[in-house]
Amino acid sequence: MLIEDIIITIDFKEVLKELGFKQVSTILTSQMEKMIKEEIEKANGLINPKADFISFNLTSVTEDTIITDCDALTFNTKYLAKHLSGCSKASLFVCTIGSRLEESIKGYFTEGEQTRAYILNGIGSAAVEEVANYVNQLIIKEAEKEGFETVKRFSPGYGDWNLLDQKAIFGVLNPSSIGVALSERCFMIPEKSVSAIVGWKKI
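Take any residue in the sequence shown, note its place counting from 1, add 4, and you have its number in my numbering.
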């Protein structure tokens, strides 16, 4: 399912976390606060949140293998199998904020504006996390309508879930429709993109 009308709010506190500022111990100068807020405003005009997701049945979840009824999609990972233990359905999604923000970051580096580049990069990370949360909430609502609860989302690259499985995920979704592609090493392009699976458990 393609989702294009995604509205998010870039939270100042979440941006500070992405930038490594500790809420209790960090004293933020007025100059730095002003710069961060300027870049958040700029980012709001650059991001283009989109997502694609699909839901399907899990036909088997063993100690180290997950088999689905979605085009014979199978994952071999102990961490994910444990995470999805007790789940009989799942949703896969890919989301992104687009490429314009990353292009602006590169522009800042070219101009020698390293601080602004660093700030905008952190804002991008916070923004795509908000998009992932938005999609996650849609999946939760869909699951609840069918009498399920969901487990926390889990992404390729965590634990022993090999990034190469991104190819399988991209095979059942249509990420190109939202402008997302894979590099040879299975990293997503644009970088500010997220892929994940959300398990469903019957209530």
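The C-beta atom is built at its ideal place from N, Cα and C for all residues, glycine as well.
In the three-state DSSP reduction, residue 76 falls in the coil class, being neither helix nor strand. Contact between the segment 36 to 52 and the segment 69 to 81 is absent: fewer than three C-beta pairs spanning the two stretches fall below 8 Å. Going by C-alpha positions, residue 183 is about 8 Å away from residue 100. Nearest neighbour of residue 129 by Cα position, chosen from 8, 5, 12, 66, turns out to be 12.
Residue 177 and residue 170 have their C-alpha atoms some 10 Å from each other. Around the CB of residue 152, 16 or more other CB atoms lie within 10 Å, so the residue is classed as buried. Collapsing the DSSP output to three states places residue 196 in coil. Under the DSSP assignment, residue 129 falls in the alpha helix (DSSP H) whose first and last residues are 118 to 149. In the three-state reduction of the DSSP assignment, residue 111 falls in the helix class. For residue 16, the enclosing alpha helix (DSSP H) starts and ends at 16 to 22.
With respect to the 8 Å criterion, residue 158 and residue 84 are classified as neighbours on the basis of their beta carbons. With 16 or more other Cβ atoms from the protein chains shown falling within 10 Å of its own Cβ, residue 173 counts as buried. Using a Cβ distance threshold of 8 Å, residue 102 and residue 51 count as a contacting pair.
Going by DSSP, residue 46 is part of the alpha helix (DSSP H) stretching over 34 to 48.
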